[in-house]
Amino acid sequence: TEELLRKSDKLSVVGQLAAAVAHEIRNPLTALKGFIQLLYGGLDGKGQYYQIMLSELSRIETIISELLVLAKPQAVVFEEKNIHYLLSHVVTLLESQANLQNVQIFRSFGAYNPILKGEENQLKQVFINVMKNAIEAMPRGGRLIIETTLEQDKYIGVRFKDSGEGIPKERLANLGEPFYTTKEKGTGLGLMISYKIIKEHNGMIEIKSEEGKGTTVEVLFPVVQTVEV
Ligand code: ADP
Ligand code: MG
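Heads up: take any position in the sequence shown, counting from 1, add 469, and you land on the UniProt record's numbering.
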């Protein structure tokens with residue numbers, strides 16, 4: 470936990486810089502893309518080069534927009550949110566991707582509604598990032614179990630257990646570092662953004678993994694109350 474805390478303290482400075490750079494890059498990028506599209510088709514037989522340029526530009530755009538999430542939004546509104554409801558909503562969003570990959574998603578929630586104070590879109594962003602990683606770790610199918618438990622009536626613990634490829638022990642320390650990715654099309658920003666959001670919600674995150682067996686990501690948030698279903 471200490472290591473995670475230390476890492477997230479650095480995020481504010483890195484995040485502000487990243488957001489500023491991202492913002493500055495966006496405009497010239499849009500111009501470049503427009504002109505490449507204009508030229509596209511103008512030269513015989515060179516079409517594939519334009520395609521490559523456009524797809525590389527799209528990749529830069531993806532990275533830039535993920536970095537921009539790091540910028541503090543102007544007005545973050547923390548409201549009381551039912552975390553089971555948010556989790557279920559994100560499951561619905563990711564179900565088709567999971568189905569395509571033969572991944573089954575199971576929910577194990579208690580018969581109560583844990584309410585926490587948070588920003589809905591940011592919380593969803595965390596759940597999307599973590600669940601996507603789980604699904605991507607199971608290219609040949611598997612199961613993702615989402616389990617919640619109340620901890621000392623003060624915290625809601627959400628565990629995302631996948632049966633995926635797992636993470637080598639010596640790589641666990643790299644999680645959450647900017648641009649750390651093992652995926653061909655990855656950005657290595659998902660966990661970093663999630664750590665930042667979790668920190669802003671006074672939460673905690675812990676990742677345990679066994680190579681070849683699977684990974685469990687546990688996120689803890691303070692609850693303001695629980696409501697009977
Ligand atoms: P990205 O998904 O773009 O690679 P992330 O920050 O979301 O970036 O994740 C960083 C890396 O952490 C991934 O590339 C992967 O190696 C590892 N990782 C994260 N979650 C899992 C998981 N559930 N199972 C296996 N590896 C994972
Ligand atoms: Mg990811």
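Ideal Cβ positions, reconstructed from N, Cα and C, are used throughout, including at glycine.
Only counting the same chain, and skipping five residues up and downstream in sequence, which positions put a Cβ closer than 7 Å to that of asparagine 671? Pro691
Quick one: which unbroken alpha helix (DSSP H) runs of 4-plus residues sit fully inside the region 550–636? Chain order, please. 552–569, 589–605
Chain-order list of residues whose beta-carbon lies under 7 Å from that of glutamine 694 (same chain, five-residue window excluded): Spatial neighbours of glutamine 694 in its own chain (CB-CB distance under 7 Å, excluding positions within 5 residues in sequence) are listed in chain order as Ile584.
According to the neighbour-count rule (16 or more other Cβ atoms, all chains shown, within 10 Å of its Cβ), is glycine 610 buried or exposed? exposed
Quick one: what does DSSP say glutamate 535 is sitting in, helix, strand or coil? helix
Pop quiz: asparagine 551 and asparagine 582 are said to be a contact at Cβ under 8 Å. What is the actual Cβ separation, rounded to whole angstroms? Distance from asparagine 551 to asparagine 582 at the Cβ level is roughly 5 Å; contact confirmed, criterion being Cβ atoms closer than 8 Å.
Quick one: what's glycine 683 bridged to in DSSP? Glu679
Taking the alpha-carbon of asparagine 602 as reference, which of Thr651, Ile532, Ile529, Ala487 has the nearest alpha-carbon? Thr651
Considering only residues of the same chain and omitting the five flanking positions on each side of phenylalanine 629, which have a CB-CB separation below 6 Å? Val599, Ala603, Ile615, Val686
Nearest residue (CA-CA) to alanine 488, options Leu556, Leu537, Glu605, Gln570: Leu537
Backbone secondary structure at leucine 474 - three-state DSSP: With a pLDDT of only 46 at leucine 474, under 50, the local geometry of the prediction cannot be trusted, and no value is derived from it.
Asparagine 671: CB within 8 Å of a non-hydrogen atom of ligand 1: No, the Cβ of asparagine 671 stays beyond 8 Å of every heavy atom of ligand 1.
Check whether the region 623–638 touches the region 671–680, counting contact only when three or more Cβ pairs, one atom from each stretch, lie closer than 8 Å. yes
Give the DSSP-derived three-state secondary structure of valine 698 in the structure shown. The three-state secondary structure of valine 698, taken from DSSP, is coil.
Quick one, which of Thr656, Gln566, Val698 has its alpha-carbon nearest leucine 613's? Gln566
Does the Cβ of asparagine 643 lie closer than 8 Å to at least one heavy atom of ligand 2? Not so, every heavy atom of ligand 2 lies at least 8 Å from the Cβ.
For the putative contact between leucine 556 and valine 627, defined by C-beta atoms under 8 Å, what is the C-beta separation to the nearest angstrom? Contact holds; Cβ gap of about 7 Å.
For valine 490, name the three-state secondary structure that DSSP assigns. helix
Is glutamate 605 near ligand 2, going by C-beta to nearest heavy atom under 8 Å? yes
Say yes only if the C-beta of isoleucine 660 is nearer than 8 Å to one or more non-hydrogen atoms of ligand 2, and no if none qualify. In the sequence under discussion, the amino acid at residue 660 is leucine, which differs from the isoleucine named in the question. For ligand 2, at least one heavy atom lies less than 8 Å from the Cβ of leucine 660.
With DSSP collapsed to three states, give me the class of glutamate 646. Of the three classes helix, strand and coil, the one that applies to glutamate 646 here is coil, per DSSP.
Proximity below 9 Å, CB of serine 524 to CB of alanine 491: no
Please state whether DSSP places phenylalanine 547 in a helix, a strand or coil. coil
So, is glutamate 605 buried or exposed, given that buried needs 16 or more other C-beta atoms within 10 angstroms? buried
From Glu653, Pro637, Gly503, residue whose alpha carbon lies closest to that of threonine 684: The shortest CA-to-CA distance from threonine 684 to any of Glu653, Pro637, Gly503 is the one to Pro637.
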